[in-house]
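One structure is given here, and the rest of the page talks about it.
2 protein chains.
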Amino acid sequence: MGENIGAAARAMLNFGLSGMRLVAPRDGWPNPKAKAMASGAAAVIDGVRVFDTVAEAVADCDHVVATTARQRGLFLPVHTPQTVGTELQKWSGEGRRTAMLFGAEKTGLETDELAMADALVTIPVNPDFSSLNLAQAVLLLAYEWSQAGGQSPLFESPYEEAPASRGVQEGMVEHLFEALDRAGYFYPEEKRATLQRNIRTLFTNAQLTEPETRLFRGMVRQLMRHLPEK
Amino acid sequence: MGENIGAAARAMLNFGLSGMRLVAPRDGWPNPKAKAMASGAAAVIDGVRVFDTVAEAVADCDHVVATTARQRGLFLPVHTPQTVGTELQKWSGEGRRTAMLFGAEKTGLETDELAMADALVTIPVNPDFSSLNLAQAVLLLAYEWSQAGGQSPLFESPYEEAPASRGVQEGMVEHLFEALDRAGYFYPEEKRATLQRNIRTLFTNAQLTEPETRLFRGMVRQLMRHLPEK
Numbered sequence: 568m569g570e571n572i573g574a575a576a577r578a579m580l581n582f583g584l585s586g587m588r589l590v591a592p593r594d595g596w597p598n599p600k601a602k603a604m605a606s607g608a609a610a611v612i613d614g615v616r617v618f619d620t621v622a623e624a625v626a627d628c629d630h631v632v633a634t635t636a637r638q639r640g641l642f643l644p645v646h647t648p649q650t651v652g653t654e655l656q657k658w659s660g661e662g663r664r665t666a667m668l669f670g671a672e673k674t675g676l677e678t679d680e681l682a683m684a685d686a687l688v689t690i691p692v693n694p695d696f697s698s699l700n701l702a703q704a705v706l707l708l709a710y711e712w713s714q715a716g717g718q719s720p721l722f723e724s725p726y727e728e729a730p731a732s733r734g735v736q737e738g739m740v741e742h743l744f745e746a747l748d749r750a751g752y753f754y755p756e757e758k759r760a761t762l763q764r765n766i767r768t769l770f771t772n773a774q775l776t777e778p779e780t781r782l783f784r785g786m787v788r789q790l791m792r793h794l795p796e797k
Numbered sequence: 568m569g570e571n572i573g574a575a576a577r578a579m580l581n582f583g584l585s586g587m588r589l590v591a592p593r594d595g596w597p598n599p600k601a602k603a604m605a606s607g608a609a610a611v612i613d614g615v616r617v618f619d620t621v622a623e624a625v626a627d628c629d630h631v632v633a634t635t636a637r638q639r640g641l642f643l644p645v646h647t648p649q650t651v652g653t654e655l656q657k658w659s660g661e662g663r664r665t666a667m668l669f670g671a672e673k674t675g676l677e678t679d680e681l682a683m684a685d686a687l688v689t690i691p692v693n694p695d696f697s698s699l700n701l702a703q704a705v706l707l708l709a710y711e712w713s714q715a716g717g718q719s720p721l722f723e724s725p726y727e728e729a730p731a732s733r734g735v736q737e738g739m740v741e742h743l744f745e746a747l748d749r750a751g752y753f754y755p756e757e758k759r760a761t762l763q764r765n766i767r768t769l770f771t772n773a774q775l776t777e778p779e780t781r782l783f784r785g786m787v788r789q790l791m792r793h794l795p796e797k
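Protein chains in written order, with this note's numbering: chain D, 568 to 797; chain R, 568 to 797.
Next comes the structure, spelled out in structure tokens:
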């Protein structure tokens with residue numbers, strides 16, 4: 568909804584964030600209701616970039632944290648808003664590109680979208696009344712990000728040791744999926760989604776560097792020479 | 568406005584607060600718009616107590632903190648939301664009655680009303696875009712109150728699991744080497760030692776857990792079905 572997008576833009580700017588990306592907005596883009604609701608934060612709306620999928624939206628990001636109220640069986644680290652604010656600031660301080668990922672007002676993020684992140688963050692609300700709207704969730708995370716901004720990074724990490732960007736990691740994982748597909752690994756078909764999710768989080772947790780992803784893809788390429796065509 | 572009262576009730580209940588008091592509400596009381604907006608937090612609205620003045624509203628309270636964007640020359644301690652959350656929890660733990668005081672949406676609290684408090688709290692917003700609505704201010708303070716109370720996360724991270732033992736990791740790596748060998752990956756033979764070393768450190772750095780090593784070996788096993796015997 569345009570109103571939610573506008574309210575989220577306000578909440579971001581309240582704590583100094585301005586780079587907003589949207590994935591497949593329901594009512595298309597631009598959306599006059601978003602701009603009207605954003606009011607003084609219209610500049611955030613003017614700078615919005617729109618993408619078709621979550622994967623494309625985060626392709627150039629090095630670290631992605633996704634908000635969720637439930638764990639959905641994913642093997643990813645789970646943060647509070649406070650610890651994630653600290654992590655995001657630490658990464659930014661190292662020159663890494665970071666993103667916070669939020670789902671639509673009613674439905675939240677799908678499990679496959681959560682699996683694109685390298686960490687989950689859950690807001691510790693009252694379990695008996697846990698319905699936060701989208702802009703409130705954005706507000707709390709932007710607030711904690713801003714709070715953590717006073718802290719300097721715990722230690723410097725040389726660039727070569729940093730994990731590859733999400734897009735590079737995703738390219739490697741898709742390459743592996745193609746090989747596994749040709750090898751008949753995703754069987755029965757109903758298990759495909761779960762297997763792919765678990766494999767994706769395995770590699771996310773592994774935090775491979777870019778040279779490591781090249782090494783890995785070299786292995787996959789050679790294995791594929793022996794696999795039947797699909 | 569009834570809508571602001573209802574939204575504030577929701578924000579309170581999101582973080583476990585339920586005792587709301589109103590001072591001279593503009594549209595009288597009860598207000599159907601407040602209850603409609605409160606939705607699942609209607610119980611907070613039903614429990615509202617109404618007073619004519621701030622002094623009467625806080626008469627039975629031992630500690631009152633008042634929200635303000637400006638200090639207005641008052642000689643009162645100024646807190647951040649975080650430090651005030653800690654103070655309020657400490658006072659509650661000593662059996663003291665505490666209150667947070669918020670002004671109307673447009674105008675905030677008057678200087679004489681702030682002077683009824685024994686501490687001020689100001690939310691560290693972006694100075695270039697500082698307009699928070701009432702419910703958002705309530706949300707942030709209720710959140711910090713809840714945080715200071717040691718609110719536990721809704722779910723624990725499953726990713727506490729330690730990396731698999733060296734032996735388990737080495738078994739996985741040897742399994743992969745066997746597959747790569749059968750695929751003719753180690754070519755020319757002189758490069759074998761370097762390639763194996765780089766692959767081994769890739770997986771050492773990845774710090775896979777034991778379930779992840781089993782997942783990985785499952786992939787290797789299936790790929791091997793398509794590889795020539797050595």
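Glycine included, each C-beta is placed from N, C-alpha and C at the ideal position.
Buried or exposed: residue i, going by 16 or more other Cβ atoms within 10 Å of its Cβ?
i	result
residue 790 of chain D	buried
residue 758 of chain R	exposed
residue 578 of chain D	buried
residue 797 of chain D	exposed
residue 674 of chain R	exposed
residue 571 of chain R	buried
residue 645 of chain D	buried
residue 629 of chain D	buried
residue 737 of chain D	buried
residue 768 of chain D	buried
residue 601 of chain D	buried
residue 620 of chain D	exposed
residue 761 of chain D	exposed
residue 591 of chain D	exposed
residue 722 of chain D	Note that residue 722 of chain D scores 30 on pLDDT, short of 50, meaning its location in the model is unreliable and no value can be drawn from it.
residue 573 of chain D	buried
residue 725 of chain D	With a pLDDT of 32 at residue 725 of chain D, under the threshold of 50, the modelled position of this residue cannot be trusted, and the question is left open.
Along chain D, in chain order, which residues have C-beta atoms closer than 9 Å to that of residue i?
i	result
residue 773 of chain R	769, 770, 772, 773, 774, 775, 779
Kindly list, in the order they appear in chain D, the residues whose Cβ is closer than 8 Å to that of residue i.
i	result
residue 659 of chain R	Correct list: empty, because the minimum Cβ distance to chain D is about 16 Å.
residue 794 of chain R	790, 793
Within this structure, are the beta carbons of residue i and residue j separated by less than 9 Å?
i	j	result
residue 732 of chain R	residue 777 of chain R	yes
residue 688 of chain R	residue 653 of chain R	no
residue 604 of chain D	residue 569 of chain D	yes
residue 729 of chain D	residue 661 of chain D	yes
residue 706 of chain D	residue 703 of chain R	yes
residue 773 of chain R	residue 773 of chain D	yes
residue 643 of chain R	residue 685 of chain R	yes
residue 716 of chain R	residue 656 of chain R	yes
residue 609 of chain R	residue 576 of chain R	yes
residue 700 of chain R	residue 677 of chain R	no
residue 749 of chain D	residue 750 of chain R	no
residue 593 of chain D	residue 618 of chain D	no
Under 7 Å Cβ-Cβ, which residues of chain R neighbour residue i?
i	result
residue 582 of chain D	692, 693
residue 751 of chain D	789
Cα-Cα, which of the options is closest to residue i?
i	options	result
residue 694 of chain R	D:780, D:734, D:584, D:669	D:584
residue 683 of chain R	R:612, R:666, R:656, R:591	R:666
residue 752 of chain R	D:785, D:774, D:773	D:785
residue 626 of chain R	R:616, R:571, R:691	R:616
residue 692 of chain R	D:609, D:581, D:573, D:571	D:581
residue 782 of chain D	D:598, D:742, D:715	D:742
residue 650 of chain D	D:762, D:766, D:711, D:792	D:711
residue 596 of chain D	D:659, D:612, D:739	D:612
residue 520 of chain R	R:698, R:622, R:775, R:761	The structure shown does not extend to residue 520 of chain R, since chain R spans only 568 to 797, so no value can be given for it.
residue 634 of chain R	R:659, R:624, R:669	R:669
residue 747 of chain R	D:788, D:588, D:748	D:788
residue 632 of chain R	R:619, R:664, R:620	R:664
residue 766 of chain D	R:744, R:775, R:696	R:775
residue 698 of chain D	R:740, R:735, R:606	R:606
residue 735 of chain R	R:588, R:614, R:770	R:770
Along chain R, in chain order, which residues have C-beta atoms closer than 8 Å to that of residue i?
i	result
residue 747 of chain D	786, 789, 790
Could you work out which residues of chain R lie near residue i, taking near to mean beta carbons separated by less than 9 Å?
i	result
residue 765 of chain D	778, 779, 782
residue 707 of chain D	706, 707, 710
Problem set entry | chain R contacts made by the region 585 to 607 of chain D, where a contact means CB separation under 7 Å | 607
For this session: Using a Cβ-Cβ cut-off of less than 9 Å, list which residues of the region 671 to 705 of chain R approach chain D; keep chain order.
Result: Answer set for the region 671 to 705 of chain R: 690, 691, 692, 693, 695, 696, 697, 698, 699, 700, 702, 703.
Exercise. The region 730 to 743 of chain D: which residues have C-beta closer than 8 Å to a C-beta of chain R, in chain order?
Worked result: 743
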